[in-house]
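Undergrad: First residue of the sequence shown? That's 0 in numbering that gives the first Met the number 0, and the numbers climb one at a time after it. From the three backbone atoms N, C-alpha and C, an ideal C-beta is built for every residue, glycine too. Supplied in structure tokens, the structure appears directly below.
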Amino acid sequence: MTDDGGGMGDGDASAILIPLHEARRERLDQPVRFDRRELDQILRLYGRMVAANEWRDYAIDHLTDRAVFSVFRRASEVPLFQIVKDPKLARKQGAFAVIAAGGRILKRGQELGRVLGVFDSKLKLVQV
């Protein structure tokens with residue numbers, strides 16, 4: 000490593016101009032991903048369902064237009080549920096959705112926590 004006088008060399012790195020259309024193109028080439036907070040919520044739910052012996056396996060797909068977290072009862076089956084993040088629908092119906100095996104949308108919304116609430120068990124009144 001050499002000291003170049005505190006960063007005041009031939010050119011200042013903060014003065015580099017990047018055309019906006021190039022920056023957008025690079026961002027659009029990236030696949031859609033779940034961020035750390037979203038994955039934390041999903042994996043917390045997955046752990047609860049594995050402990051309840053409901054789910055056994057999962058897969059994460061990062062596609063160009065959406066990210067999909069698929070859960071399976073057995074690895075050889077079709078996904079039991081899919082948790083989908085589709086940013087194109089964020090302003091319309093919500094970026095997040097839970098889709099059942101038959102393709103039926105169980106819940107859709109802006110906030111992942113509320114969408115994952117579809118998996119919370121409902122309390123029932125028990126007569127003794």
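When DSSP builds the beta bridges, which residues end up paired with F95?
TA: In DSSP, F95 forms a bridge with K84, G108.
Undergrad: How would you label L111, buried or exposed, when you count the other beta carbons within 10 angstroms and need 16 or more for buried?
TA: Flag for L111 reads buried.
Undergrad: Confirm, please, whether the CB-CB distance from R107 to A99 is below 8 Å.
TA: No, they are not a contact pair.
Undergrad: State yes or no: is the C-beta of R55 within less than 8 Å of the C-beta of F68?
TA: It is not a contact, given that the beta carbons lie outside the stated cut-off.
Undergrad: Where does the unbroken beta strand (DSSP E) through A58 begin, and where does it stop?
TA: Where A58 is concerned, the enclosing beta strand (DSSP E) stretches over 56-61.
Undergrad: Verify whether the separation of the beta carbon atoms of R113 and D85 is less than 8 Å.
TA: Against a cut-off of 8 Å, the Cβ pair of D85 and R113 comes out as no contact.
Undergrad: Using CA atoms only, rank isn't needed, just tell me which of L16, L44, S13, V31 is closest to A89.
TA: That would be V31, whose Cα lies nearest to the Cα of A89.
Undergrad: Tell me whether G89 sits in a helix, a strand or coil according to DSSP, three-state version.
TA: The question names Gly, yet the displayed sequence has Ala at residue 89. Coil, per DSSP.
Undergrad: What number of angstroms, rounded off, separates the C-alpha of T63 from the C-alpha of Q81?
TA: If you take the alpha carbons of T63 and Q81, they lie about 17 Å apart.
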